[in-house]
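**Q** Attaching a single structure in structure tokens format; questions to follow.
2 protein chains.
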Amino acid sequence: MSTHALPRRYHHGDLRAALLEVAEQSLRERGAGQLSLRDLAREIGVSHAAPRRHFTERQDLLDALARAGFIRLGERIDGAVAAASGLLTDQLHGAASAFAHFATENAALLELMNATKHRGDSPDAARASDAAFAPIVGLIRESQVQHVLRAGPPEEIGFILYATINGIAAMVNSGLVDADRLEELTDIAVDQFLRGAAP
Amino acid sequence: MSTHALPRRYHHGDLRAALLEVAEQSLRERGAGQLSLRDLAREIGVSHAAPRRHFTERQDLLDALARAGFIRLGERIDGAVAAASGLLTDQLHGAASAFAHFATENAALLELMNATKHRGDSPDAARASDAAFAPIVGLIRESQVQHVLRAGPPEEIGFILYATINGIAAMVNSGLVDADRLEELTDIAVDQFLRGAAP
DNA sequence: GACACAATGTAGTCAGTGCCAACTATGTAG
DNA sequence: CTACATAGTTGGCACTGACTACATTGTGTC
Numbered sequence: 009m010s011t012h013a014l015p016r017r018y019h020h021g022d023l024r025a026a027l028l029e030v031a032e033q034s035l036r037e038r039g040a041g042q043l044s045l046r047d048l049a050r051e052i053g054v055s056h057a058a059p060r061r062h063f064t065e066r067q068d069l070l071d072a073l074a075r076a077g078f079i080r081l082g083e084r085i086d087g088a089v090a091a092a093s094g095l096l097t098d099q100l101h102g103a104a105s106a107f108a109h110f111a112t113e114n115a116a117l118l119e120l121m122n123a124t125k126h127r128g129d130s131p132d133a134a135r136a137s138d139a140a141f142a143p144i145v146g147l148i149r150e151s152q153v154q155h156v157l158r159a160g161p162p163e164e165i166g167f168i169l170y171a172t173i174n175g176i177a178a179m180v181n182s183g184l185v186d187a188d189r190l191e192e193l194t195d196i197a198v199d200q201f202l203r204g205a206a207p
Numbered sequence: 009m010s011t012h013a014l015p016r017r018y019h020h021g022d023l024r025a026a027l028l029e030v031a032e033q034s035l036r037e038r039g040a041g042q043l044s045l046r047d048l049a050r051e052i053g054v055s056h057a058a059p060r061r062h063f064t065e066r067q068d069l070l071d072a073l074a075r076a077g078f079i080r081l082g083e084r085i086d087g088a089v090a091a092a093s094g095l096l097t098d099q100l101h102g103a104a105s106a107f108a109h110f111a112t113e114n115a116a117l118l119e120l121m122n123a124t125k126h127r128g129d130s131p132d133a134a135r136a137s138d139a140a141f142a143p144i145v146g147l148i149r150e151s152q153v154q155h156v157l158r159a160g161p162p163e164e165i166g167f168i169l170y171a172t173i174n175g176i177a178a179m180v181n182s183g184l185v186d187a188d189r190l191e192e193l194t195d196i197a198v199d200q201f202l203r204g205a206a207p
């Protein structure tokens, strides 16, 4: 019942979740390259081979982190949209800003999310990213209905907005742009997007 | 004189360049994560510690690769601009297309270029990326003179275009978008950019 | 309830890696 | 010619991911 009352039990209880949690912290602190399965195991207090039961390869853990990242990102965007005013332009600005901040606050995670060439053909894994795309595509669609944006495949238009914010965040993360210009650049990009994709 | 005539010399001649060359190939074939200094040394035929004379840490090699990547990218963009018609819009389309193709043909390299949080404070290293930015910013500036684009800091406007193409390429590389849609998306993005940043 | 069996964790091993230190061979400046 | 800087070599250490064989625990079935 209690998660860490007894100092040792043979079965951890939920090692998989514990691994993901500790891995996320390690990812944030030292990057994906420095993340070591043995290190995670030590930190949790299990043997060095225990993680293998849940993630056959190191990359499996990284993939799981990336998938979780997409889901968290989607929630964050949803939240920002919900918190914005009824104006679609406000909602788009809010969504973009939320994405940008998530991406810079979780730089190593974003790198992972961008790197994950979906290995394996599992259909869900390939489309974990949909969790993050969906709210944006939804906004685009709504904007088209209200004639704020031009007609056309909403996924396509959404890709471009997503790519733009993703790119700005990547440039901030790599140090090519000062971090304190993130908000400004994001806003300009969204404004330009709205003008460029206007009906 | 000849680069590999004699089977063995104590001094390789230009081990640094040889390392970069072989590393680039390894990067392309197996990604940065799988790149091993000892492996490169073996392939070249020197001892496992020889690379250390030229790259103190593994990351130094990766940084050098990224820097070289920015320079090659800049040349490629320059070439595309030169090959385009006199129309600025053609040149911008050409530059974007060249960037997009470079980025997808050199996926692992792009990842490196985006990841390189410029460690160290060497001023040149921080601005190797300028080699790639300069031609784009130049185009923006010229477009402003000819009233194809709105006034404003050209670097800022250039950032957004760069980020957009970078983002599209990243999404193609990660498999979120089909590779055969690269050209199409790039063109749409540039057209939207031109409309969005019009005077 | 007992008992098979799957799930989960442990211990030990192996090849491979990055980094380091001590030593050696080669180029070069005086 | 000789001192010294440069470039490469050998050996070693701590660490890692992956693998195998084994031990413990939970669970479903008769």
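First to last, the sequence lines map onto chains A and B. Okay, so the first sequence: first residue is 9 according to my numbering, each after it adds one. Okay, so the second sequence: first residue is 9 according to my numbering, each after it adds one. Every residue gets a Cβ at the ideal spot worked out from N, C-alpha and C, and that includes glycine.
Starting from the C-beta of Q4(B), find all residues in its chain whose C-beta is less than 8 Å away, skip the five residues before and the five after it, and write them out in chain order.
**A** What is shown of chain B runs 9 to 207, which leaves residue 4(B) out entirely.
**Q** Quick check on R36(A): buried or exposed, where buried means 16 or more other Cβ atoms within 10 Å of its Cβ?
**A** In the first sequence, counting from the first residue as 1, residue 36(A) sits at position 28. With fewer than 16 Cβ atoms within 10 Å of its Cβ, R36(A) is classed as exposed.
**Q** Helix, strand or coil, according to DSSP, for T11(B) in the structure here?
**A** To locate residue 11(B), count along the second sequence from 1; it is residue 3. For T11(B), the predicted model reports a pLDDT of 36, less than 50, meaning its position is unreliable; a value from the coordinates is still stated below. In this structure, T11(B) counts as coil in the three-state DSSP scheme.
**Q** Once the 5 residues before and after L23(A) are set aside, which same chain residues still bring their CB inside 8 Å of it?
**A** Your numbering for residue 23(A) matches position 15 in the first sequence. Closer than 8 Å at Cβ, skipping near neighbours: I52, V54, A58, P59, R61, H62.
**Q** Tell me the start and end of each unbroken alpha helix (DSSP H) in the segment 54-123 of chain B that is at least 4 residues and wholly inside, in chain order.
**A** 66-91, 96-113, 115-123
**Q** May I ask you to list, following chain order, the residues of the segment 21-51 of chain B that have a beta carbon less than 8 Å from some beta carbon of chain A?
**A** G41
**Q** Does I176(A) get closer than 8 Å to chain B when you measure Cβ to Cβ?
**A** On the first sequence, position 168 is the one that residue 176(A) refers to. Yes, because at least one Cβ of chain B sits closer than 8 Å to the Cβ of I176(A).
**Q** From D68(A) to L27(A), what distance separates their C-alpha atoms?
**A** If you number the first sequence from 1, residue 68(A) lands on position 60. If you number the first sequence from 1, residue 27(A) lands on position 19. Going by the C-alpha atoms only, they are around 12 Å apart.
**Q** Within its chain, find whatever has a CB closer than 7 Å to the CB of T112(A); leave out the 5 residues flanking it on each side and keep chain order.
**A** Taking the first sequence and counting its residues from 1, one reaches residue 112(A) at position 104. Only A177, V180, N181, A187, L190 meet the Cβ criterion.
**Q** Give a yes or no on whether the minimum CB-CB distance between N114(B) and chain A is below 8 Å.
**A** On the second sequence, position 106 is the one that residue 114(B) refers to. No, because no Cβ of chain A sits closer than 8 Å to the Cβ of N114(B).
**Q** Any beta carbon from chain A within less than 8 Å of G166(B)'s own beta carbon?
**A** As a working mapping, residue 166(B) is identified with position 158 in the second sequence. By this cut-off, G166(B) is not an interface position.
**Q** Against chain B, does F107(A) count as a neighbour if the rule is that its beta carbon must be under 8 Å from one of theirs?
**A** Here residue 107(A) is taken as the residue at index 99 of the first sequence, counted from 1. It does not; no Cβ of chain B falls within 8 Å.
**Q** Quick check on S182(A) - is its C-beta less than 8 Å from some C-beta in chain B?
**A** Sequence index remark: in the first sequence, residue 182(A) carries index 174 (1-based). Chain B contact via Cβ: present.
**Q** Measure from the alpha carbon of A25(A) to the alpha carbon of each residue in S44(A), A76(A), G39(A), then state which is nearest.
**A** Taking the first sequence and counting its residues from 1, one reaches residue 25(A) at position 17. Here the closest residue by C-alpha is A76(A).
**Q** Note down, in chain order, each residue of its chain lying with its Cβ closer than 6 Å to the Cβ of A205(A), except the 5 sequence neighbours on either side.
**A** For the purposes of this step, residue 205(A) is taken as the residue at position 197 of the first sequence. L157, R158, I165, listed in sequence order.
**Q** Give the DSSP-derived three-state secondary structure of G41(A) in the structure shown.
**A** Working through the first sequence from its first residue, we reach residue 41(A) at position 33. If DSSP states are grouped into helix, strand and coil, G41(A) belongs with the helices.
**Q** What would DSSP say about L184(B), mapped onto helix, strand or coil?
**A** Within the second sequence, numbered from 1, the residue matching residue 184(B) stands at position 176. Correct three-state label for L184(B): coil.
**Q** Drop a sphere of 10 angstroms on the beta-carbon of P207(B), count the other beta-carbons inside from all chains shown, and report buried for 16 or more, exposed for fewer.
**A** Position 199 of the second sequence, counted from the first residue, corresponds to residue 207(B). P207(B) comes out exposed.
**Q** Less than 8 Å between CB atoms is the rule here; does S137(A) satisfy it with respect to chain B?
**A** The residue labelled residue 137(A) in the question sits at position 129 within the first sequence. With 8 Å as the cut-off, S137(A) counts as an interface residue toward chain B.
**Q** Return the chain-ordered list of same chain residues with a C-beta closer than 8 Å to the C-beta of I196(A), the five sequence neighbours on each side being excluded.
**A** Mapped onto the first sequence, residue 196(A) falls at position 188. Same-chain partners within the cutoff: there are none.
**Q** Return helix, strand or coil for D195(B), following the three-state DSSP convention.
**A** Within the second sequence, the letter at position 187 stands for residue 195(B). Reduced to three states, the DSSP call for D195(B) is helix.
**Q** If we define contact as Cβ-Cβ less than 8 Å, is Q200(B) a contact residue for chain A?
**A** The sequence position of residue 200(B) within the second sequence is 192, counting from 1. So, interface residue.
**Q** Following the continuous alpha helix (DSSP H) through P3(B), name the residue where it begins and the one where it ends.
**A** This structure cannot speak to residue 3(B), because chain B is shown only from 9 to 207.
**Q** Could you check the C-alpha separation between E119(B) and F110(B) for me, to the nearest Å?
**A** Translated into the one-based positions of the second sequence, residue 119(B) becomes position 111. Translated into the one-based positions of the second sequence, residue 110(B) becomes position 102. Near 12 Å, if we compare the C-alpha coordinates of F110(B) and E119(B).
**Q** Could you give the residue range of the alpha helix (DSSP H) that holds D138(A)?
**A** On the first sequence, position 130 is the one that residue 138(A) refers to. Residues 138-153.
**Q** Can you give the Cα-Cα distance for S151(B) and F201(B), rounded to whole angstroms?
**A** Taking the first residue of the second sequence as 1, we reach residue 151(B) at position 143. Taking the first residue of the second sequence as 1, we reach residue 201(B) at position 193. C-alpha separation (whole angstroms): 12 Å.
**Q** Is the CB of G204(A) under 8 Å away from at least one CB in chain B?
**A** Here residue 204(A) refers to the residue found at position 196 of the first sequence. So yes, G204(A) belongs to the interface.
**Q** Please classify T194(A): is it buried, with 16 or more other beta-carbons within 10 angstroms of its beta-carbon, or exposed?
**A** Counted from its first residue, the first sequence places residue 194(A) at position 186. By the neighbour-count rule (16 or more Cβ atoms within 10 Å), T194(A) is buried.
**Q** Could you tell me if V153(B) is buried or exposed, where buried requires 16 or more neighbouring beta carbons within 10 angstroms of its beta carbon?
**A** One-based indexing of the second sequence puts residue 153(B) at position 145. Exposed, by the Cβ-count rule.
**Q** Leaving out five residues before and five after L117(B) in sequence, what residues of the same chain have Cβ atoms less than 8 Å from its Cβ?
**A** Taking the second sequence and counting its residues from 1, one reaches residue 117(B) at position 109. Excluding residues within five positions, the ones whose Cβ falls inside 8 Å are E32, L35, R36, L73, A74, G77.
**Q** Give, in chain order, every residue of the segment 69-85 of chain A whose Cβ lies closer than 8 Å to some Cβ of chain B.
**A** none
**Q** Taking buried to mean at least 16 other C-beta atoms within 10 Å of its own C-beta, is T64(B) buried or exposed?
**A** Position 56 of the second sequence, counted from the first residue, corresponds to residue 64(B). Of the other Cβ atoms in all chains shown, fewer than 16 fall within 10 Å of the Cβ of T64(B); this residue is therefore exposed.
**Q** Measure the C-alpha to C-alpha separation of L48(A) and H56(A) and round it to an integer number of angstroms.
**A** For the purposes of this step, residue 48(A) is identified with residue 40 of the first sequence, where counting begins at 1. For the purposes of this step, residue 56(A) is identified with residue 48 of the first sequence, where counting begins at 1. Spanning the two alpha carbons is a distance of roughly 8 Å.
**Q** Would you kindly check if the distance between the Cβ of I168(A) and the Cβ of I85(A) is under 8 Å?
**A** Here residue 85(A) refers to the residue found at position 77 when the first sequence is read from its first residue. Here residue 168(A) refers to the residue found at position 160 when the first sequence is read from its first residue. Going by C-beta atoms, I85(A) is not nearer than 8 Å to I168(A).
**Q** Is D47(A) helix, strand or coil when you go by DSSP?
**A** Counted from its first residue, the first sequence places residue 47(A) at position 39. D47(A) falls in the helix class under three-state DSSP.
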